[in-house]
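Report on the following structure.
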Amino acid sequence: MDNLIWATKQEPIGAIILFIILLFILLFVVMLISDQFKYLNSKQKKNCISNVLLTHLSGIPKLENGFQILLYLHSDRIYIGDIDIPFSDIINVKYFTDIEITEEQKSVIGRAVVGTMLAGPLGGIVGGMSGLQSSKMKQTVYYLAIDCIYKDEIINILLALQHQAFSNRLKDISEYVNKHI
11 MDNLIWATKQ EPIGAIILFI ILLFILLFVV MLISDQFKYL NSKQKKNCIS
61 NVLLTHLSGI PKLENGFQIL LYLHSDRIYI GDIDIPFSDI INVKYFTDIE
111 ITEEQKSVIG RAVVGTMLAG PLGGIVGGMS GLQSSKMKQT VYYLAIDCIY
161 KDEIINILLA LQHQAFSNRL KDISEYVNKH I
């Protein structure tokens, strides 16, 4: 009986010690990972001329389409995320725009409910019919296409910018790189 009491008293201490050890291991791994990101981030930011947040559409190996990525411009290279591309490896850079037309469907049910509440059954019919229309919205998308050599292969990177506020910055980056390649 004494052995049973001693065993139950020891188990919580063992579990606590195991938890503390696992916690230290986890913290150590997190510190290693964060140090690597700090190194990459500081290397990219140091002497950076300009940067812009873009959406990856295609071309970067092992990176999903639609992923947000930072492009850093330096005097002799660009970084796209953690990919270092010296100007000597860049074949062509092209900045261009395109207009995307998106169609937005209106809610038939929502408009019918509101119409019914305001004008009865006839209002519900008219409200529902007004929801059959769709509205079209135009949005300008700004693109940066980069043809370059990466790991002894020619890759074609396509990046997009959705916000007009940074379109001039993207155009300036394109012009700078084209002057220096």
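Letter by letter, the sequence shown follows residues 11 to 191 in this note's numbering. Heads up, the beta-carbon is just placed ideally off N, CA and C, and yes, glycines get one too. Fair warning: this is a prediction, and the values are worked out from it, not measured in the lab.
Rounded C-alpha distance that separates residue i from residue j
i      : j      : result
Ala175 : Ile101 : 28 Å
Cys58  : Ile26  : 47 Å
Ile167 : Ile90  : 10 Å
Leu33  : Gly24  : 14 Å
Lys56  : Arg87  : 12 Å
Leu128 : Asn75  : 46 Å
Glu110 : Ile164 : 29 Å
Val187 : Ile30  : 51 Å
Residue i, buried or exposed, once every other Cβ within 10 Å from all chains shown has been counted against 16
i      : result
Leu64  : buried
Lys122 : The question names Lys, yet the displayed sequence has Ala at residue 122. Classification for Ala122: buried.
His173 : exposed
Val40  : exposed
Presumed contact (8 Å Cβ cut-off) between residue i and residue j, rounded CB distance
i      : j      : result
Thr126 : Gly133 : 6 Å
Phe77  : Tyr153 : Incorrect: roughly 16 Å between the Cβ atoms, too far for contact.
Phe97  : Ile191 : 5 Å
Asp108 : Val151 : 5 Å
Mind listing, in chain order, the continuous beta strand (DSSP E) runs of no fewer than 3 residues lying wholly within the stretch 29 to 103?
60 to 68, 78 to 83, 87 to 90 and 93 to 96
Does the stretch 171 to 190 come close enough to the stretch 68 to 88 to have 3 or more Cβ pairs within less than 8 Å?
yes
Pick out the complete alpha helix (DSSP H) segments inside the stretch 106 to 190, 4 residues or longer, and give them in chain order.
118 to 140 and 177 to 190
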